[in-house]
Every structure is written in C-alpha cells, then in structure tokens.
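Okay, so here's the structure we're looking at.
Protein chains: 2
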Amino acid sequence: MPRELIDLLWRDHPAAPQGGARGPRSRVTTGAVVDVAITLADTEGLAAVTVRRLGDALGISTMSVYTHVNGRDDLLVLMADAVHARIPLPAHGTAGWRTRVRRVAETNLALHLDHPWLLEIDDDRTAFGPGTIAKYDHELHALDQLSLDDVARDAALTFVLDFVRAAARARRRDPRADEMPETWARWAGRLAEYLGDDYPLAQRVGSAAGEEMNAASSPAHAWEFGLARVLDALA
Amino acid sequence: MPRELIDLLWRDHPAAPQGGARGPRSRVTTGAVVDVAITLADTEGLAAVTVRRLGDALGISTMSVYTHVNGRDDLLVLMADAVHARIPLPAHGTAGWRTRVRRVAETNLALHLDHPWLLEIDDDRTAFGPGTIAKYDHELHALDQLSLDDVARDAALTFVLDFVRAAARARRRDPRADEMPETWARWAGRLAEYLGDDYPLAQRVGSAAGEEMNAASSPAHAWEFGLARVLDALA
DNA sequence: CATAACCTTGTACAGCGTACAACGTAGGAT
DNA sequence: ATCCTACGTTGTACGCTGTACAAGGTTATG
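Pasting the structure below:
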C-alpha cells in the first residue's frame, strides 16, 4: 500500500482513495493499527510501540503492518492526529475569552496527561491531519473576542499551547523515578561535598523547589499560577 | 570505570575521585569524550552520536568509550551539563530586572540555537551538574529585585526558560524540510479537496501563519512579541 | 619479581526499522 | 469458466543500535 500519509490521515473522508477491490481483504484496517498503537503507547510508553510488537498485538505479521502504515514515522503522525480527533470540542457559547482560553488550556493539559508520549512526537506533518485541523479551528475561535489579526491570533494560541506543553513536561513522571531514592541516597553526600558553601541561592531555592515538587498540591498550584500569568499576558 | 554519574559530572572538582594509579593511563579523558560528542551532535545531530561513531572519532575502540562514560544515557547528561558550563555568566550589575531577564532569555535562546539537540535531552539528573547549577544560580539572581519567595522565584525562572525552549523548538529546522516542497506539491491539491469550505478560520489563519513563517524577519518578530508578553506576565 | 588493579579490545547478543522476493487470494476481463 | 492482474501476507535478511562479557596487555605497588 503506497498510500500517501495525507490520504491515510484523511482515510475516513469520502474523497479518500480506497484500497483496490482485487486480492484478499485486509485483515485489519489502518484505523485499527493506529488505535492499537495508541493503547500500547498509553500503557507502556512510546518506546514499546515497535513494528514487531504492533504486529503481535494485531495478530498479523511484522511486515503486514507496513500494508496499513508506511513506516514508523508516519505511524506517529497518525497517532497524534487520532488523539487530537478524540478531543471534545464543545461550543464556546457566550463565555468570555478568558474562560474560553482557560478551557482550551485545561483540555490540552488533560490530553497530555492522558497521552504523555505526545511530547515525544515532533513532526510538522501532523498539522495536516483532520483531527489536528479541527482542534486548531476550535481553539482559534476561543480568541474571537480579542481583536487580533491572523498572524497574531496564531501566535497567541501558540503561546498558550506552549505553556501547556511545558506544564505537561514538568508533570510527566521521570522513567528513572523508581531508582531515584536510592540514587539520591548515594549522591546527596557527594553533592554536598562538591557544592560546599558555593551557590547559596541555588542551593536554597533548589531544595525549596525540590520539596515543593514532592508536595501533593504542588502541580495544581503551579498550574494555576502559570495559567493566570498567561491569561494576563494575552490581555 | 564504575564511577558514578555524579562524580563524572564533577570530574574537575578537587574532591572528585581520580582514576587509580595502576594500569595504563587512559588514552582519552572523559572531558574529551564529552567534547567530541558535543561537536558531533552540533554538526550531525544527536542521532549521529552513537557509541561506535564516538569511538571512531576519538581513535579508540567502541567499547573503550565505556571506560570514560557509563552509557549513552549518562553521556547525554554530561553533554548537556558541559554546554551549560560554557555559557557566559556576566555580572548583572546595576541593570533592572527586565533587562536582566531579557539577557537571560537571549542567552538561553543562543544556547539552544547553537545546540538544537538540547531539546531532545530530558533527564532530571542534569540538574546536579556543576555547569547547570552555576547557570541556575546566575539566572535566579536575575530576579533579585522582584520580591519573590523561593518557590515563586523558581517558578518564575521556569516560566521564562520554558518560553525560550518553546521558541527554540519553533525555530529549529525540520529534518524533513528538504523534501517538504515536493511533498507539499503532491499534498496541496488533495488537502484542498478534503477541506473544501470547512474550517474557514483555520484555513485562513493557518496559511497566514505558514507564510509568515517563511518570511525572513518572522522569527525575530515572534521572539520579541513573546518575550514582551513574558516580561509583562512577571510584573 | 609477583600481584593486583586498571585500560583496551573483539566477539556476541538481542533488539530495532525495513527492503525484498515469494506466495496465495480474489475480483475483472475475456 | 478461465486467465490475468492487482493486492495482502509472510519469512528472510541487512545494517544499525546499545552494551554484557571475557580475554589480553600494561603499569604501579607489595
């Protein structure tokens, strides 16, 4: 199947080219491949999404995966667009722009918390997918009441979404977190020796921030703090 | 050499454990390995930094690399800390906080433009390196005049640096950029067919933003726009 | 001089993405 | 009804990755 990525992205559109009539029917659809890849990434991380494991999970051979997806790079784009398409896009209604933007930010944060692997996908071609475009359109409308020209409107949205991305990155669980307690036990003494009395400000603020990060309420607090700043910046 | 990462990070500190006296001297130092890895990443991207290529570039065998660095993950941390250590940290002097923060942001943007691969390294252990700590301390002092408690001061710095990170990400050249013209030639027609008259706002703003991105002056303009917003948000 | 500690190296293994060719299956044309 | 052609499926194989392990060489120390 040498179908182009653009056609795979829009595979559910009426105008999309269908697979030829001849030969045996595919045992799985492109959509199924993408869905299985997403659940695999959700449960075991993006590194677990290998072509071989994907074939196993689908009950087909490794190489058959390539019948439905051109390669791993393309698969990642399809995955990202698919989760974008799942986002609820409720009408903005009569809400003011601050409420709208806040909702956009919260929805995007939830998206990243549900699918942390999105942070690892960085492919501009995602922008051409139906899910991504629908999401983009909806989010642009959140800024209707601010009188911004087109370029500024895009820049403002990017500003908000970049903030969300950074917040999600900060919340994401470090894969090394399990070993960190014992690692820290070995390191703390040595680091103190190296640091001595140098960089007192960094030592004080760093440990305060470190403890704050371990506090249960911290992420929510940091989120509210930052989001308020972002909203102020847009005004 | 089962030296811990923390000791490798602080290898130039007087209190750091030295290699034993017995046996042949190492033909290269850990610092040399890290430096060569950095130039390799600068010129060919992080993907080119493989243990084998590193050994070749150093004139030693593949496995000898492991004498100076515990593994690839650790190497990435050492690389990140090393470039952090290279940043100039001029005294803040009598400048106001806005000027200070602006300088911090500009320095970090330059760092990311010089070493785009920094965006791909995401390891919390980098925070314990001498270069990273010195940089952190210096940047915290940029906020001296704002009366912030420790946690808020860290949050404010993170806010600024996350913005810089996002700006660097937007400026970074897509590795697929070479093929993009011909790809777009094949895609443009199909995409127009799929979209039809749907999402008029997204189509208009998207193409405006796309053209703006190709304009020569655009990055600088977007940077100034965003940075001004960040500075306002801190006030 | 013997020993212990250290660096260096080659071989090997499991895993990855994927190119390629052989094979089987089913609709369309004759 | 038969042939042909397009298509899905699959196994094998290649080059690449990080790195575990064991053998060998080199040097300061007992």
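Residue numbers (this note's numbering), protein chains in the order written: chain A, 619 to 853; chain B, 619 to 853.
We put the CB at the ideal spot given by N, CA and C, even for glycine.
Values in this document were obtained by computation on a predicted structure and should not be read as measured data.
| Asked | Found |
| --- | --- |
| Interface positions of the stretch 726-742 of chain B facing chain A (Cβ-Cβ less than 7 Å), listed along the chain | D742 |
| Closer than 7 Å to chain B by CB, Y684(A) | no |
| A700(A) at chain B interface by Cβ criterion, 7 Å | no |
| CB contact check: A827(B) to chain A, cutoff 7 Å | yes |
| Proximity of L658(A) and A666(A) at Cβ, strictly below 7 Å | yes |
| CB contact check: I705(A) to chain B, cutoff 7 Å | no |
| Residue-level contact to chain A via CB, R621(B), 7 Å cutoff | no |
| Alpha-carbon to alpha-carbon, K753(A) and L845(A) | 20 Å |
| Of the residues G814(B), R789(B), R808(B) and E800(B), the one placed nearest A834(B), counting alpha carbons only | R789(B) |
| 7 Å Cβ cutoff, W841(B) in contact with chain A | no |
| Contact set for H710(A): own chain, Cβ-Cβ below 7 Å, skip 5 residues either direction | R718, H759 and A760 |
| Rounded straight-line distance, which links the Cα of S679(A) to that of M619(A) | Since pLDDT at M619(A) reaches only 49, below the 50 mark, its modelled position is unreliable, and the value read off the structure follows with that caveat. So the two alpha carbons sit approximately 15 Å from each other. |
| Cβ contact check for the stretch 736-744 of chain A and the stretch 687-699 of chain A: 3 or more pairs under 8 Å | yes |
| Same chain, Cβ closer than 7 Å to A785(B), five either side skipped, listed in chain order | L727, W841 and G844 |
| Residues within the stretch 648-682 of chain B neighbouring chain A, beta-carbon criterion of under 8 Å | none |
| Residues near A634(A) by beta carbon distance below 6 Å, same chain, minus five either side | D625 and W628 |
| Separation of A773(B) from G814(A), as counted between CA atoms | 25 Å |
| Under 7 Å from the C-beta of W628(A): neighbouring residues of chain B | Y812 |
| 7 Å Cβ cutoff, V722(A) in contact with chain B | no |
| Backbone secondary structure at D625(B) - three-state DSSP | helix |
| Backbone secondary structure at Q636(B) - three-state DSSP | coil |
| CB of V769(B) within 7 Å of CB of A820(A), strictly | no |
| Selected residue, minimal CA-CA separation from D855(A), among L672(A), A639(A), V782(A) and R643(A) | Missing from the structure shown is residue 855(A); chain A here goes from 619 to 853 and no further. |
| Y817(B) - DSSP class collapsed to helix/strand/coil | coil |
| Of the residues R822(B), T685(B) and L731(B), the one placed nearest D660(B), counting alpha carbons only | L731(B) |
| CB contact below 7 Å: E830(A) versus chain B | yes |
| Inter-residue spacing [alpha-carbon to alpha-carbon] between E811(B) and D755(A) | 17 Å |
| Within chain A, the residues that V823(B) reaches when beta carbons sit closer than 9 Å | Y754, D755, L758, D768, V769, R771, D772 and L775 |
| Start-end ranges of the alpha helix (DSSP H) lying completely within the stretch 705-741 of chain B, minimum 4 residues | 715-732 |
| Per-residue contacts from A820(B) into chain A (C-beta, under 7 Å) | I751, Y754, D755 and L758 |
| Rounded Cβ spacing between N600(A) and L623(A) (contact assumed at less than 8 Å) | Nothing about residue 600(A) can be read from this structure; chain A reaches only from 619 to 853. |
| Reduced DSSP category for D660(A) - H, G, I as helix; E, B as strand; rest coil | helix |
| Beta-carbon gap between L849(B) and F746(A) smaller than 7 Å | no |
| Continuous alpha helix (DSSP H) stretch holding H686(B): start and end | V683 to H686 |
| Helix, strand or coil at L761(A) according to DSSP, with G and I counted as helix | coil |
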